[in-house]
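A quick write-up on the structure given underneath.
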Amino acid sequence: MSFHRLGLRMAQQTLRRQPPTPAFRSFVRRLSLEEMPGGSKKLVGTADNAFNRERAAVKAHAAATSGLWRRLSIYVVIPCLILASLNAWNLWSEHWEHWEHLPPLEERVEYPYQNIRTKNYFFGDGDKTLFWNDKVNYHNKDKVT
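Just so you know, we're using the UniProt record's numbering here: the sequence shown kicks off at 1 and counts up by one.
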């Protein structure tokens, strides 16, 4: 085995036995980043490789993109939700205003396809569905259509 290979193997075994401490890692990371005039950091030395350059580019892109989505959420989504809520409220009010002008539930025509019961429900009195609302639903068992 060559001396070069032997040295590499010993270095790998040493690193496997003793992982670097977090303080040492942060110290090396600080040394590998050099402050540039614009406030950005430039990779120097062994840290200047394709992987670290791509990682720095991803971080910069993430910072810019998160700002875009934050502004979109505040200035676009929230006003759209408010407008949609106002529209829903107006439609709801119009619906109940229209409902007041209809005849009472007992006088309305009950068509044969409404309230079909082949057997009783297992809850309540057996005639009302799970989502029954007495204000809008009506079923007269004795009424023949």
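Glycine is no exception: its CB is placed at the ideal position from the N, C-alpha and C atoms.
Just so you know, the alpha carbons of Lys-59 and Ala-47 end up roughly 16 Å apart. By the criterion of a C-beta distance shorter than 6 Å, His-4 is surrounded by no residue of its chain, once the five residues flanking it on both sides are discounted. For the 8 Å CB-CB criterion, Thr-129 and Tyr-121 form a contact.
Pairing Glu-107 with Trp-89, the inter-Cα distance amounts to about 29 Å. By alpha-carbon distance to Lys-119, the top candidate from Tyr-111, Lys-141 and Leu-105 is Lys-141. Per DSSP, reduced to three states, the secondary structure at His-4 is helical. When secondary structure is reduced to three states using DSSP, Arg-16 falls in the helix class. In the DSSP annotation of this structure, the continuous segment of the alpha helix (DSSP H) that includes Ile-78 starts and ends at 78 to 100.
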